[in-house]
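Below you'll find the structure, written out as structure tokens, and then a few comments.
Numbering (the UniProt record's numbering), first residue to last: 1 to 159.
Structure follows, in structure tokens:
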């Protein structure tokens, strides 16, 4: 069991990356901060990736997490979307390694949903309700809710 751990949890996306900083201490789970890194489709890909990288670095320098967890990225039928998300995954992985020398731990979305709701195909609304109830937090969008859910799944894995 973990004695103390600051966890950075991520729901990576090119448009709205959700993040959560959580503390696991002596079997307790506490959400310290959460938010969304937003980029505009009007900006270049390079600028958007740089913005995500710099925000992740700022968060890591502020909190010095011991672990990083993320929702596992997947490929879909839209090749453009798939390429974009994997560019975000690469830049995030690079920033995490550069700052912390850590490799993120992946959790599949179905695993996260099943762990928190009992149903691997639960809706985002249902998952958000469970996140709010289990963590006493008030995420404002699904990206933040998903990031907190990843952290909570990690917590349950470790206790």
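Glycine included, every Cβ here is placed at the ideal spot set by N, Cα and C. This structure is a prediction, so every number in the text was calculated from the model and none was measured.
Partner residues in a beta bridge of residue 108, as assigned by DSSP, do not exist.
Closest in C-alpha terms to residue 149, from the list 132, 158 and 159, comes 132. When DSSP reads this structure, residue 23 sits in a beta bridge with 6 and 30.
Among the bridge pairs identified by DSSP, residue 67 is matched with 7. For residue 18, the beta-bridge partners assigned by DSSP are 11 and 36.
Selection 120, 53, 151 and 89 evaluated against residue 109 yields 120 as nearest (Cα-Cα). Inter-residue distance for residue 59 and residue 125 is about 27 angstroms (C-alpha atoms, whole angstroms). Going by DSSP, residue 90 is part of the alpha helix (DSSP H) stretching over 79-100.
Residue 147 sits in a helix when the DSSP states are folded into three classes. Just measuring C-alpha positions, the residue of 123, 12 and 23 sitting nearest residue 152 is 23. Here residue 95 is not near residue 14, since their CB atoms are 7 angstroms or more apart.
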